[in-house]
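Q:
Protein chains: 2
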Amino acid sequence: MAGGVGARFWPYSRNSRPKQFLDFLGTGRSLLQMTYDRTAKLVPKENILIVTNKAYRDMVLEQLPMVSARQVLLEPARRNTAPCIAYAAARVYAANKNGVMFVVPSDHLITKEAEFIEAAIQGMDFVANNDAILTLGITPSRPETGYGYIQAGQEVENGIRKVKTFTEKPNAELAKVFMDSGEFYWNSGMFFWSVKTIRAAFRKFLPNTFAKFEMGLAFMGTDSEQAFIDEYFPSCQKISIDYGIMEHVTNAHVLFGDFGWSDLGTWGSLYDTLDKDDNSNAKPKGKSLCYDCHKNIIVVPEGKIAVVQGLEDCIVVDTDNALLICKKSDEQRIRQFVNDVSLLEKGDEFI
Amino acid sequence: MAGGVGARFWPYSRNSRPKQFLDFLGTGRSLLQMTYDRTAKLVPKENILIVTNKAYRDMVLEQLPMVSARQVLLEPARRNTAPCIAYAAARVYAANKNGVMFVVPSDHLITKEAEFIEAAIQGMDFVANNDAILTLGITPSRPETGYGYIQAGQEVENGIRKVKTFTEKPNAELAKVFMDSGEFYWNSGMFFWSVKTIRAAFRKFLPNTFAKFEMGLAFMGTDSEQAFIDEYFPSCQKISIDYGIMEHVTNAHVLFGDFGWSDLGTWGSLYDTLDKDDNSNAKPKGKSLCYDCHKNIIVVPEGKIAVVQGLEDCIVVDTDNALLICKKSDEQRIRQFVNDVSLLEKGDEFI
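Chains as they are written, first to last, in the working numbering: chain A, 154 to 504; chain B, 154 to 504.
1) Expressed to the nearest angstrom, what Euclidean distance is found between the alpha-carbon atoms of asparagine 361/A and cysteine 389/A?
2) Between the C-alpha atoms of glutamate 484/A and glycine 421/A, what's the straight-line distance to the nearest angstrom?
3) Take phenylalanine 503/A as the anchor and find which of Lys440/B, Val402/B, His261/B and Met399/B has the nearest alpha-carbon.
4) Three or more beta-carbon pairs under 8 Å between the stretch 417 to 436 of chain B and the stretch 398 to 407 of chain B, yes or no?
5) Check whether the stretch 341 to 348 of chain B touches the stretch 283 to 290 of chain B, taking contact to mean three or more Cβ pairs, one atom from each stretch, closer than 8 Å.
6) From the DSSP output, which residues share a beta bridge with leucine 178/B?
7) By the criterion of Cβ-Cβ separation under 8 Å, what are the contact partners of asparagine 474/B in chain A?
8) Using a Cβ-Cβ distance under 7 Å, would cysteine 443/A count as near chain B?
9) If you draw a straight line from the alpha carbon of glutamate 455/A to that of asparagine 474/B, how long is it in whole angstroms?
10) Only counting runs of 3 or more residues, tell me where the beta strand (DSSP E) segments fall wholly within the stretch 437 to 485 of chain B, in order along the chain.
11) Note down the Cα distance separating phenylalanine 355/B from glycine 397/B, rounded to an integer number of angstroms.
12) Taking contact to mean at least 3 C-beta pairs separated by less than 8 Å, is the stretch 209 to 216 of chain B in contact with the stretch 313 to 320 of chain B?
13) Would you kindly work out how many angstroms separate the C-alpha atoms of alanine 248/A and phenylalanine 174/A, rounded to a whole number?
14) Using only the heavy atoms of the ligand ATP, determine whether one of them is closer than 6 Å to the beta carbon of phenylalanine 255/B.
15) Can you give the Cα-Cα distance for glutamate 326/B and arginine 161/B, rounded to whole angstroms?
16) Do glycine 276/A and leucine 408/A have their C-beta atoms closer together than 7 Å?
17) Applying the 10 Å Cβ sphere with the 16-neighbour rule, what's the burial state of lysine 391/A?
18) Going by beta-carbon coordinates alone, are glycine 410/A and glutamate 498/A separated by less than 7 Å?
19) Mind listing which residues of the stretch 244 to 268 of chain B have their C-beta closer than 8 Å to chain A's C-betas, in chain order?
20) What does leucine 497/A touch in chain B if you count any residue whose Cβ is under 9 Å from its own?
21) Within the stretch 218 to 264 of chain B, note down every full beta strand (DSSP E) run reaching 3 residues or more, in order along the chain.
22) Less than 7 Å between the C-beta atoms of glutamate 228/B and asparagine 200/B, yes or no?
23) Mind listing, in chain order, the continuous alpha helix (DSSP H) runs of no fewer than 4 residues lying wholly within the stretch 328 to 405 of chain A?
24) Report yes or no: do three or more beta-carbon pairs, one from the stretch 368 to 386 of chain B and one from the stretch 252 to 260 of chain B, lie closer than 8 Å?
25) Cβ of glycine 418/A within 7 Å of Cβ of alanine 243/A?
26) Using the three-state DSSP reduction, which class does tyrosine 209/A fall into: helix, strand or coil?
27) Which bits of chain A does lysine 480/B rub up against, with CB to CB less than 7 Å?
28) Taking C-beta pairs closer than 7 Å, name the residues in chain B that aspartate 493/A reaches, listed in chain order.
29) Does threonine 180/A pass the burial test, meaning 16 or more other C-beta atoms within 10 Å, or should it be called exposed?
30) DSSP state of alanine 435/B, grouped into three classes?
31) Look up glycine 421/A in the DSSP assignment and say whether it is helix, strand or coil.
32) Anything in chain B within Cβ reach of arginine 170/A, meaning under 8 Å, just list it in chain order.
33) Going by DSSP, which residues form a beta bridge with isoleucine 291/A?
34) Between aspartate 430/A and chain B, is the shortest Cβ-Cβ distance under 7 Å, so that the two count as touching?
35) Which bits of chain B does phenylalanine 503/A rub up against, with CB to CB less than 7 Å?
36) Is it true that the CB of glycine 290/A sits closer than 7 Å to the CB of tyrosine 338/A?
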């Protein structure tokens, strides 16, 4: 899944270049490229499908030159994750009625790759042999209030438990209780299922969406596929897979582990994953000299130097035509700032 | 005098483009241009001499296209103000032994031009008729610790008093006493004298410098002038006119007034002169959206937008290849920051 916009990382991410296409950590590979690299260790490369917005087609093919255009599924409109997954499931089902899917966002970070791959193999094996929807849960390392939680019940096999409930972002007190209980995992937004299982779930809980792609099955993989999608995709209900499917199914399971995972949802969560200097400043990109600075994240373009003095707990992100300075504690307001910029500036050159 | 570097305004000013060449206030005219415009109301345009560093020759002629190359005196090395003034005095004396000089820095701000011009006419008249060194003193409007002060004695004529002492930058307590006494004026670094008077002072207090330019008199205004200057100027003692001459002479006078003057010595003093928004933020250049911000000065290049949240009493200056964020209270450290940048980066692209 590579169709998101990532407004919370403005001005580093833009509508024209969202988060998944950026080399956030200065490793030389974008989040999308790292996701592809990981996935290519799990399945035959030609079986990797990238679902993205039409606007990002060329950027996907440029960043992943080993991928053929046929592997890139193009959404003509933003309809959240449920229609995206229904489309991919139709494509897989048309090719192989016994297919198994592993669905991953392309803008997350995984630092413990070996553990991740081991779990993914177990997960794919589990859903190939069970009529189960399986989510990847992350063992919490802190009482994070920014993530959704999965409450797990009885263990089915080693590391896999039945899901009791999906819980939205808790407050700080509740997050502490969740973490201490040992019953809760972070919801990573990664899923395993057989196409048969997910089709049954769509048929039951999102029947209109199911019907559209059922009608489209005959076009999948043909020259008419895009025309069909352009016609029918935009009228799909805009809903996430969590709200549309996961919260209703009775066969949800969670495979849990510690994969050094972060959804990099905000500058603050990126800050948490980065190396820091002696004063806890993270400088993932560009050169900066810091004086009397603590706990900042500072991102500067190549070829530029920042001199920063007297700043605490701030986000400083500089790009060619936009500069953001914001307290980390106020980062949820960045989306509003971007709205204000777009109202003020009319055009979209800054957003 | 237009040879200074202005490191305190880094990164907006650079070695390659110092403060006097910048349009600091967004008026469309650089400080040098504004200084020329003012001076041209006082004296025949062809009598205006601009002393600058050789490196800035083309920039001066570009910004002042009405000025002939003959009016631009080129220093091959930085030697502070005394040699600069000795050179200009030699050029004036060679042209007119009864000449009168009004010496002005090119990087100051004057907002009350009518009062300034009236005072300048009085000053030039005074030194044409008296063997006096006359400085322009500014009636203090606040107990500023960043300026030098002139203690004045007995009044000689309306607005002109004998100088008792020159005093370096006082501490806050002393500055308060100075201001309340009514005896002290800010030293603006602007001077009036006849060439005869200033030559006598150089002969007595900086005899080596005097001797060099005495030897050079025959070259002034000829094709050999630059060759002479290139040979002899670099060996002049590096010293300011204040230390080298003013503090020793017995015929120093001060002409005082309120000219809306600022030496724009730092971002903080520039901030004081600028219009502010409702939250006391000054934004002299570029677009910026401020949230929860107070008492900042924010300078952004054309075509760029800054979004700034939660900043108080800070300097934010963004340029194409350097960004500065610094507490106003720490602005005296900017010079050190620039040194650090030049050590870190070797080349001079950032300084």
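Where a beta carbon is used, it is the ideal one built from N, C-alpha and C, also for glycine.
A: In brief:
1) 8 Å
2) 7 Å
3) Lys440/B
4) no
5) yes
6) None, per the DSSP bridge assignment.
7) Gly456, Lys457 and Ile458
8) no
9) 9 Å
10) 440 to 444, 450 to 452, 458 to 462, 467 to 471 and 475 to 480
11) 8 Å
12) no
13) 28 Å
14) With respect to the ligand ATP, the structure shown offers nothing to examine, as it has no ligands at all.
15) 25 Å
16) yes
17) exposed
18) no
19) none
20) Lys440, Leu442 and Ile458
21) 225 to 228 and 253 to 256
22) no
23) 348 to 358, 360 to 369 and 378 to 385
24) no
25) no
26) helix
27) Gln462 and Gly463
28) Leu442
29) exposed
30) strand
31) helix
32) Those do not exist, as arginine 170/A stays about 17 Å from chain B at its closest Cβ, beyond 8 Å.
33) Trp339/A and Gly410/A
34) no
35) Ile458
36) yes
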